[in-house]
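Residue numbers (this note's numbering), protein chains in the order written: chain A, 128 to 398; chain B, 128 to 398; chain C, 128 to 398. Everything below concerns the one structure shown next.
Here it is in structure tokens:
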């Protein structure tokens, strides 16, 4: 059996619109293996989608095609693009920044601005659904083995600015990148930002102190009613509650500022 | 490799019940390619489901099997049916009107009332889940190449009455057919119902005037805080808000009346 | 074409985390056929997930691999396990009781405590996501034909205590096991717990009498505004409302006590 060609779908458009994209593949690349990554990423939220894509797409085999439809500017000036990365994978979607982190993680090889297809799936291209009418036909061609350069002309990929966390030996400052389905808030701080010897830890969210915070290893260890910092499975520091939603309790959303400060005893020092 | 046989699943029953349907295929038509269209279409809402099916199913390849479980009358007098359409596709589901628009779009060839299977999947047919116990076994047989006439006896398909929009050169009247995940309300009015030269546009929903309405081409062009009419990707006029839910703001639901009126200057005439 | 190897995914972790699990299969068992059972089972709720798994997994073909991630104790003392059942199927997940009912239904053959993989998917094992880092690699090996005994050492599977319903000829007592997407509450009482001749039926939920209750065969037969008991498609008694959510109206949740009492006329007896 031939090697399977995976095509992942990451969208904010819900299942029914995504089904129209799947129909395009059923017609034009019927042997591709479609993977529903998610169709419920936060609506119109480019940064959380970029974050998720960067942590999910590289786990798929080299050569996979990643179709992304988080596209509030559809029909406007942002370009429809396709990107080939160094490992031979492809990304297809709007050039609004949503592809940037994942492409950077895998290494950009080349990018084209997509030429709309001669035969759009419904016979007539809609200006409000490039996912179905432009991205899916292009992704289907890539899944069938077409080379990127046949899909359009060279284009320079737009990159969002991602603030780097500020880290020193007594504090760190960053922001919330993503809130997961449990209400855990993933930050851009490294999972080991707080040293094991830290004492008197203070967490501030949007400059407000959060009471009863501790550093824990697992969800099970979090004291009931308390909030914990732990190393998430993304390798980043996450703010979590036990059997509850930290995001709801602390009203956390992507973009919120997060700062940590602690007191660190001198190693080996007396007194 | 043999041509893939696609089977689409459109239901309001949620993922866990739908998984039981998938299990039937895994046993009885293991090589079929199942496509989750949606399992969250509005519960018990036949018309929105009929609308979606009519716009999604025809995009799949001819010969596909479309299984539909939006079936509030399960166990009652409505018939379990399968329909073959002119392009060789099949629809399987309850004869409550949900299949009507899609079947009309592809052309009805023949319809049968399904004979319940001799061996139901769990050993005993439940009266409350024909999706698993009657539709899925029938759809699996169709996916395996069985002819429609072997599944039951000839039956006359039930059609819902779909009110036609009223259109003239200064106004149009119709209704909301579907609200999408963004809160955009899709109407039964054509996407170009309002001429580009229209002035002093008035939108009424349930006979109430909606303020600050304009006609736009893309979501990005909608003024913040305003409501716009635009041509949806279904080819129909849609009521939308920018980065927000028009359905929530205007409390729109399928079936709501929508009317438009405008003033149209005489072309070329002076005052 | 070779027989398809099905792998089902039942999780409470949402689509984006589940996608990371799918990526592991795309790399390590690319020809497996993944089935999304659900990624929205109630968060951290072991019993409802155990109930669903026991009613869904046995419907899949013998030899299927069932991966389960409902794992509030991840990183703690509960063991990561894999189970082979008498029909040659496999279950992989946390040993917190979630696998118990399904394994009992199919017959436990042997169980191992999983040895964490040498090469975790992201290069580094996270303590908070065994689904991706331990269960998925093990399930991929099983899907590829590895024998269970190569995945770890013999282990004794944890079983939850499931209270048996109390049944006699005038009453029955049990509890709610699961609330479905419609708001129907599935109990542990048999579907035919109430005899057809029962009169003056009284339903109590959490020891409170529910008014206007009747026994019905289908949802369509339920009087508007009333509550009914009917035989669910699980073969168990369910509490339902017509076109509405019984769970919402009666505030039903898994674990709630349910009792029924009725008066039964003597058959053949006079007044």
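Using N, Cα and C, we set each Cβ at its ideal position, and we do this for glycine too.
Listed by chain order, chain A residues near residue i by CB distance under 9 angstroms
i                      : result
residue 133 of chain C : Per Cβ cutoff of 9 angstroms: no residues; residue 133 of chain C is ~14 angstroms from chain A at best.
residue 315 of chain C : Simply none; closest approach about 24 angstroms.
residue 268 of chain C : Within chain A, no residue comes near residue 268 of chain C; the closest Cβ sits about 17 angstroms away, beyond 9 angstroms.
residue 254 of chain C : 344, 345, 357, 358, 360
residue 167 of chain B : 141, 142, 143
Which of helix, strand or coil DSSP assigns to residue i
i                      : result
residue 399 of chain B : In the structure as shown, chain B begins at 128 and stops at 398. Residue 399 of chain B is therefore absent and cannot be evaluated.
residue 333 of chain A : coil
residue 286 of chain A : coil
residue 249 of chain C : coil
residue 195 of chain A : strand
residue 321 of chain A : coil
residue 207 of chain B : strand
residue 276 of chain B : helix
residue 182 of chain A : helix
residue 159 of chain B : coil
residue 79 of chain C  : Past the edges of chain C, shown from 128 to 398, lies residue 79 of chain C, and the structure says nothing about it.
residue 366 of chain B : strand
residue 152 of chain C : helix
residue 358 of chain B : strand
residue 147 of chain C : helix
residue 327 of chain A : strand
residue 176 of chain C : helix
residue 380 of chain C : coil
Straight-line gap, residue i to residue j (C-alpha atoms, nearest Å)
i                      : j                      : result
residue 179 of chain A : residue 137 of chain C : 21 angstroms
residue 159 of chain A : residue 212 of chain C : 33 angstroms
residue 277 of chain B : residue 274 of chain A : 46 angstroms
residue 262 of chain B : residue 303 of chain C : 28 angstroms
residue 152 of chain A : residue 208 of chain A : 18 angstroms
residue 365 of chain A : residue 258 of chain C : 18 angstroms
residue 131 of chain C : residue 191 of chain C : 9 angstroms
residue 357 of chain B : residue 154 of chain A : 28 angstroms
residue 349 of chain C : residue 370 of chain C : 9 angstroms
residue 167 of chain B : residue 177 of chain C : 23 angstroms
residue 384 of chain C : residue 232 of chain C : 24 angstroms
residue 210 of chain A : residue 140 of chain A : 22 angstroms
residue 171 of chain B : residue 372 of chain C : 12 angstroms
residue 319 of chain A : residue 260 of chain C : 19 angstroms
residue 145 of chain A : residue 281 of chain C : 44 angstroms
residue 353 of chain B : residue 338 of chain B : 8 angstroms
residue 164 of chain C : residue 189 of chain B : 27 angstroms
residue 243 of chain C : residue 235 of chain C : 22 angstroms
residue 238 of chain B : residue 334 of chain C : 50 angstroms
residue 392 of chain B : residue 324 of chain B : 7 angstroms
residue 193 of chain A : residue 216 of chain A : 8 angstroms
residue 307 of chain C : residue 361 of chain C : 11 angstroms
Under 7 angstroms by beta carbon: chain C residues contacting residue i
i                      : result
residue 170 of chain B : 309
Delimiting residues of the alpha helix (DSSP H) encompassing residue i
i                      : result
residue 268 of chain A : 263 to 270
Under 9 angstroms from the C-beta of residue i: neighbouring residues of chain C
i                      : result
residue 140 of chain B : 307, 308, 309
residue 259 of chain B : 186, 360
Contacts that residue i makes with chain B (C-beta to C-beta distance below 9 angstroms)
i                      : result
residue 162 of chain C : 146, 149, 150, 153, 161
residue 179 of chain C : 143, 146
Residue range of the beta strand (DSSP E) that includes residue i
i                      : result
residue 220 of chain B : 217 to 221
residue 374 of chain A : That residue, residue 374 of chain A, is in no beta strand (DSSP E); its alpha helix (DSSP H) goes 373 to 377.
residue 168 of chain A : It is not in any beta strand (DSSP E) - residue 168 of chain A carries neither H nor E in the DSSP assignment.
residue 226 of chain B : It is not in any beta strand (DSSP E) - residue 226 of chain B carries neither H nor E in the DSSP assignment.
residue 393 of chain A : Note, residue 393 of chain A: premise wrong, no beta strand (DSSP E); not H, not E.
residue 238 of chain A : 235 to 241
residue 340 of chain C : 340 to 342
Proximal residues of chain A, C-beta to C-beta of residue i below 8 angstroms
i                      : result
residue 183 of chain B : 143, 146, 147, 150
residue 248 of chain C : 186
Chain-ordered neighbours of residue i on chain B, where CB pairs are closer than 7 angstroms
i                      : result
residue 370 of chain C : 171, 199
Per-residue contacts from residue i into chain C (C-beta, under 8 angstroms)
i                      : result
residue 203 of chain B : 345, 347, 348
residue 228 of chain A : Within chain C, no residue comes near residue 228 of chain A; the closest Cβ sits about 14 angstroms away, beyond 8 angstroms.
Cβ-Cβ separation, residue j to residue i (assumed contact under 8 angstroms), whole Å
i                      : j                      : result
residue 279 of chain A : residue 241 of chain A : 5 angstroms
residue 347 of chain A : residue 199 of chain C : 7 angstroms
residue 218 of chain C : residue 201 of chain C : Contact flag wrong, Cβ pair sits at about 17 angstroms.
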